[in-house]
Amino acid sequence: MQRSLVEKPDSLSIRIRPGGFSLYIYGENGHIISQRSLSTDLLQASTASILDRQPEVIRPYKKTAIVCETNFFTLIPDLFTEPGSYRSLLQMHYPTVDDSQGIFYEKLPKSVLIYALPRVFIQNIQARLPEAGFYSHLLIWLKKAAEQPGDQLITYIREKRIDCMIFSKKSLQFYNSFDYETREDIVYHCLHLIDQFQLDTATLRLQLIGDEERVRPDQLLSAYLPQVIF
Numbered sequence: 000m001q002r003s004l005v006e007k008p009d010s011l012s013i014r015i016r017p018g019g020f021s022l023y024i025y026g027e028n029g030h031i032i033s034q035r036s037l038s039t040d041l042l043q044a045s046t047a048s049i050l051d052r053q054p055e056v057i058r059p060y061k062k063t064a065i066v067c068e069t070n071f072f073t074l075i076p077d078l079f080t081e082p083g084s085y086r087s088l089l090q091m092h093y094p095t096v097d098d099s100q101g102i103f104y105e106k107l108p109k110s111v112l113i114y115a116l117p118r119v120f121i122q123n124i125q126a127r128l129p130e131a132g133f134y135s136h137l138l139i140w141l142k143k144a145a146e147q148p149g150d151q152l153i154t155y156i157r158e159k160r161i162d163c164m165i166f167s168k169k170s171l172q173f174y175n176s177f178d179y180e181t182r183e184d185i186v187y188h189c190l191h192l193i194d195q196f197q198l199d200t201a202t203l204r205l206q207l208i209g210d211e212e213r214v215r216p217d218q219l220l221s222a223y224l225p226q227v228i229f
């Protein structure tokens, strides 16, 4: 439900995905005051000027977060402590990551999340929102999972691709990305991971995240796993 903007806006989150973006304004207590989505692809260099016309963007905030879906990310053990090596480590997984990509990282319990975003995109955003921070679409979910006990399977649904992470006792056990065409494909990957890692479905918490509503398999998974907490 939309709330009035007179409720003291505190922070702005711009969530960017291929083909569109969403504007979220949060109040001082962390609740969502307003939410709006547009179908413009901000990852295209010629489209950034649309932000100049959005009333949510031009007001002041204590914090502005740019949360961006990216194909270029990896998680490494926190044994690697030198940020200067993070580009090379990411290139081991994605050789196409070159100097046209800016490298970011976030330290997590026992691991480091490394991700890349296009430099032109970064520059276009910084020209309008110089104080904004740039974050991976997975960061908040990784942080939340690391605080929760028990087994968790987190599946972030993107366009034609899912990112799967398994946590046990607040520790990351596995992550990988898989292509999919239908919701049945997503169900297959979830069931396969549950079987592969021998996760106890009586206590497992399974989270489905993402805006691809047309392929969300919540009901189908519930039919296969009636005892799992969603």
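Residue numbers (numbering that gives the first Met the number 0): 0 to 229.
Glycine included, each C-beta is placed from N, C-alpha and C at the ideal position.
Buried or exposed by the 16-neighbour rule on C-beta atoms within 10 Å, applied to residue i
i, result
"N175", "exposed"
"E27", "exposed"
"P108", "exposed"
"S25", "Looking at the sequence itself, residue 25 is Tyr, so the reference to Ser does not match. It is buried - the Cβ of Y25 has at least 16 other Cβ atoms within 10 Å."
"M0", "For M0, the pLDDT reaches just 42, beneath the cut-off of 50, and the residue's location in the model is therefore unreliable, leaving the point undetermined."
"Q226", "exposed"
"A64", "buried"
"S38", "exposed"
"H136", "buried"
"I32", "buried"
"P59", "exposed"
"I124", "buried"
"I15", "buried"
"A201", "exposed"
"S3", "Low confidence applies to S3: its pLDDT is 49, below 50, so where it sits in the model is not reliable enough to give any reading."
"S45", "exposed"
"I13", "buried"
"F229", "exposed"
"R157", "buried"
"I57", "exposed"
"D51", "exposed"
"D97", "exposed"
"D194", "exposed"
Nonlocal neighbours in the same chain, by C-beta distance under 6 angstroms from residue i, ignoring five residues either side
i, result
"Q34", "Y23"
"T73", "L89, H92, I113"
"D9", "Y25, G26, E27, K61"
"S21", "R14, S36"
"H188", "F177"
"P94", "none"
Bounding residues of the alpha helix (DSSP H) (the contiguous stretch that carries residue i)
i, result
"F120", "118 to 127"
"R182", "182 to 195"
"R86", "85 to 92"
"A144", "138 to 144"
"Q218", "217 to 223"
Same chain only: Cβ atoms within 7 angstroms of residue i, ignoring 5 sequence neighbours per side
i, result
"V186", "P216, L219, L220, Y223"
"K7", "G26, E27"
"F79", "L88, V111"
"Y85", "I102, Y104, I113"
First through last residue of the beta strand (DSSP E) which encompasses residue i
i, result
"Y23", "19 to 26"
"L152", "150 to 157"
"Y134", "132 to 135"
"Y174", "170 to 178"
"L42", "Note, L42: premise wrong, no beta strand (DSSP E); not H, not E."
"E55", "Run containing E55: none; DSSP gives neither H nor E here."
"T63", "62 to 67"
"L34", "The sequence given here has Gln at residue 34, not Leu. Where Q34 is concerned, the enclosing beta strand (DSSP E) stretches over 31 to 37."
"S167", "160 to 167"
"D9", "8 to 16"
Expected contact under 8 angstroms - CB spacing of residue i and residue j to nearest Å
i, j, result
"I165", "L192", "6 angstroms"
"Y134", "G209", "About 16 angstroms separates the two Cβ atoms, so there is no contact after all."
"E146", "K168", "Rounded, the Cβ-Cβ distance is 12 angstroms, inconsistent with contact."
"D77", "S110", "6 angstroms"
"R118", "S99", "6 angstroms"
"L42", "F120", "6 angstroms"
"R160", "D178", "6 angstroms"
Same chain only: Cβ atoms within 8 angstroms of residue i, ignoring 5 sequence neighbours per side
i, result
"D199", "D150"
"T69", "Y114, A115, L116, S135, H136"
"E55", "L11, L22, I24, S33, R35"
"W140", "I153, Y155, M164, Q206, I208"
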